[in-house]
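Sequence order for the protein chains is A and B. For the first sequence, position 78 matches number 78 in full-length UniProt numbering, and the numbering has no gaps at all. For the second sequence, position 249 matches number 249 in full-length UniProt numbering, and the numbering has no gaps at all. Where is the CB? At the ideal position from N, CA and C, for every residue including glycine. Data block below; observations after.
There are 2 protein chains.
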Amino acid sequence: MSEDLSDKPTQKDDGVGPRYARIQRILEARLRDGTYPIGSLMPTEVELSAEFDTSRFTVREALRNLTDSGFVERRQGLGTRVISTQPQVHYSQTFDSLQELFQVAVETYYVVLGSEVIALDKELAGVVGGKVGEVWTRVDGVRWTRPGGRPMAYIQSYVPQAFAHLVPQFQDYKGPFFNLLESNSVVPIDECEQEISAAPMPEAAQRQLGLTPGAIALQLLRRYRTSEGVLITSCNWHPAEQLSYKMRIKRNRGQS
Amino acid sequence: MSEDLSDKPTQKDDGVGPRYARIQRILEARLRDGTYPIGSLMPTEVELSAEFDTSRFTVREALRNLTDSGFVERRQGLGTRVISTQPQVHYSQTFDSLQELFQVAVETYYVVLGSEVIALDKELAGVVGGKVGEVWTRVDGVRWTRPGGRPMAYIQSYVPQAFAHLVPQFQDYKGPFFNLLESNSVVPIDECEQEISAAPMPEAAQRQLGLTPGAIALQLLRRYRTSEGVLITSCNWHPAEQLSYKMRIKRNRGQS
DNA sequence: CAGTGGTCTAGACCACTTC
DNA sequence: AAGTGGTCTAGACCACTGT
Chain A
1 MSEDLSDKPT QKDDGVGPRY ARIQRILEAR LRDGTYPIGS LMPTEVELSA EFDTSRFTVR
61 EALRNLTDSG FVERRQGLGT RVISTQPQVH YSQTFDSLQE LFQVAVETYY VVLGSEVIAL
121 DKELAGVVGG KVGEVWTRVD GVRWTRPGGR PMAYIQSYVP QAFAHLVPQF QDYKGPFFNL
181 LESNSVVPID ECEQEISAAP MPEAAQRQLG LTPGAIALQL LRRYRTSEGV LITSCNWHPA
241 EQLSYKMRIK RNRGQS
Chain B
1 MSEDLSDKPT QKDDGVGPRY ARIQRILEAR LRDGTYPIGS LMPTEVELSA EFDTSRFTVR
61 EALRNLTDSG FVERRQGLGT RVISTQPQVH YSQTFDSLQE LFQVAVETYY VVLGSEVIAL
121 DKELAGVVGG KVGEVWTRVD GVRWTRPGGR PMAYIQSYVP QAFAHLVPQF QDYKGPFFNL
181 LESNSVVPID ECEQEISAAP MPEAAQRQLG LTPGAIALQL LRRYRTSEGV LITSCNWHPA
241 EQLSYKMRIK RNRGQS
């Protein structure tokens, strides 16, 4: 039942496709039925080569795919460890760039209202992702659809001291500020945390956006992180009627 | 400057790491500087093997990584086509399951307040993702931390007619309803759309959640889709103070 | 130290695309 | 028919992990 593998490759093995694919399917079946339990080590490449009467190359190709599918992880000198017994279905939302994360900031205009150098207290440190006592600069501003147009959001940006010298460029910078900071940073942004909440519109924002008291805000807090720490944190208050945050999460791969 | 490649492998090529990695870096540099323009075909495996005085295997490993990084696409019989000149950095948020998408619904209790069979008008059709005139069932309910505990959210669920027979099971079902429906569906959920917005708490929700007039809600609208259409749409109103939606978006691969 | 996966060679045949 | 990438062999040495 498992011996036409010694036949010529890619011809009529039993199922279809190349040999590594058939071996992969067999191994996946064993993972599912518990032959290789989670946490255990799978047979070595040499053992599998012998079992399937094939070269290490072919076995490696099958194992590479199992790794990509999240079934196993492999470590030099250690072996192939089973980390999942299911095809590791997972869902993801992807953006080609952080700009896409939020569709604003393109063709919009930013007006600085003021800025202030502050020392982080405990609460603020938690909000911006810094440490208590660090010196940051807070920049207040409003983003408009166009000069003299409709105000879109009230924004407070928190910039660590190392990048405070860029704050004067905020006023004229086209595009999101994390871009400005990232292009002046030696390390790239590798993570963005976002917290979305509903809140009453702060009074200052209310005034600047021309809203009536009691207005509701969709609040977006974002921390852009590099390996060195937070690059910039911004908090946007959008009028609730004007903005909703839409996302689509897709299943990736995997059957069942 | 490019001729210590004929030396022994993985020893001291020039930079660091294995040979395929060095070749990969060289090729990436050429992609960036326009030596291989977008849309063109890169040199063939054999040509690259000759240039770098290495085996096809090693070149293939480099090209495989370029493919994974989104630089090129490869077609048998055709060649290696340049599709991007940038490391195709992209960011993604992933969930291992849709449950993780939202951390609620585990160890919580749901109480049905009532349900109603409705025909979709134009507005409702847009909201739930159905067609005008279709018959759906709307189920109103409240989710509690525990029986008699704290109310967490007011929920309206919209279920298409095909699954209306499952509505009586909502009351006792542990876990999110899309799970219940999916396990009674022949096709799996492959997509979830989510819209997050801020809004005044609806009056009915206000009453059920024991809130004062003027309360603010974080509203989450989710449509779970299969290949056959929407499986279930739910709209949750959470008290603004009780919930914020947090997400973390990570850079995937690629340097610079 | 022995054994693992990681890298690599120098061949080979096949499936596919283009001419 | 010629040339491409896809698959595969049977070797080899290396880097890393455990003992």
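Name the residues in the region 218-230 of chain A whose C-beta lies less than 7 Å from a C-beta of chain B; which are they? Leu-218
State the DSSP-derived secondary structure class of residue 257/B, mapped to helix, strand or coil. Shown here, chain B extends from 1 to 256; a query on residue 257/B therefore has no answer.
Counting Cβ pairs, one atom from each stretch, are 3 or more of them under 8 Å apart for the region 197-217 of chain B and the region 191-201 of chain A? yes
I believe Gln-169/B touches Trp-136/B by the beta-carbon criterion, under 8 Å. Please report the beta-carbon distance rounded to the nearest angstrom. Actually they do not touch by this definition, with Cβ atoms about 17 Å apart.
Just grab the DSSP bridge partners of Arg-60/B for me. Per DSSP, none; premise fails for Arg-60/B.
Since Arg-25/A sits in a beta bridge, which residues does DSSP pair it with? Bridge partners of Arg-25/A: none, in fact.
Span of the beta strand (DSSP E), counted from its first residue to its last, around Ser-197/B: 189-200
Which whole-angstrom value describes the C-beta separation of Pro-151/A and Gly-114/A, a residue pair presumed to lie in contact below a C-beta threshold of 8 Å? 16 Å between Cβ atoms; not a contact.
Looking at the structure shown, is Pro-239/A part of a helix, part of a strand, or coil, going by DSSP? strand
Which word fits Glu-28/B, buried or exposed, when buried means at least 16 other C-beta atoms lie within 10 angstroms of its C-beta? buried
Can you tell me whether DSSP reads Asp-172/B as helix, strand or coil? coil
Delimiting residues of the alpha helix (DSSP H) encompassing Arg-207/A: 203-209
In this structure, how does DSSP classify Ser-157/A when only helix, strand and coil are distinguished? strand
What residues in the region 119-137 of chain B have a beta carbon less than 9 Å from any beta carbon of chain A? none
Would you list the residues sitting across from Glu-73/B in a DSSP beta bridge? Arg-81/B
Within-8 Å CB hit, Ala-198/A to chain B: yes
Taking the C-alpha atoms as reference points, what is the distance between Thr-54/B and Thr-35/B? 21 Å
Report all residues from its chain with a CB closer than 6 Å to the CB of Phe-71/B; omit the five preceding and five following residues, and keep chain order. Leu-31, Ser-84
Measure how close the beta-carbons of Asp-190/B and Lys-246/A come, nearest whole angstrom, since I'm counting them as under 8 Å. The Cβ separation is near 18 Å, so there is no contact.
By how many angstroms is the C-alpha of Val-167/A removed from the C-alpha of Lys-174/A? 13 Å
Going along chain A, which residues have a C-beta under 7 Å from Ala-240/B? Ser-197, Ala-198, Ala-199
Decide yes or no for the touch test of the region 113-131 of chain B against the region 40-60 of chain B: beta carbon pairs closer than 8 Å, at least 3 of them. no
Run through the DSSP bridge pairs and tell me what Ala-50/A is partnered with. Its beta-bridge partners do not exist; DSSP assigns none.
So is Glu-241/A buried or exposed if we call it buried at 16+ other beta carbons inside 10 Å? exposed
So that I know if they touch, is there some Cβ in chain A lying closer than 8 Å to that of Tyr-245/B? yes
Using only CA atoms, which one of Glu-193/A, Gln-206/A, Arg-146/A lies nearest to Ile-155/A? Gln-206/A
In or out: Leu-78/B buried (at least 16 other Cβ within 10 Å) or exposed? exposed
Extent of the continuous alpha helix (DSSP H) to which Val-128/B belongs: 122-128
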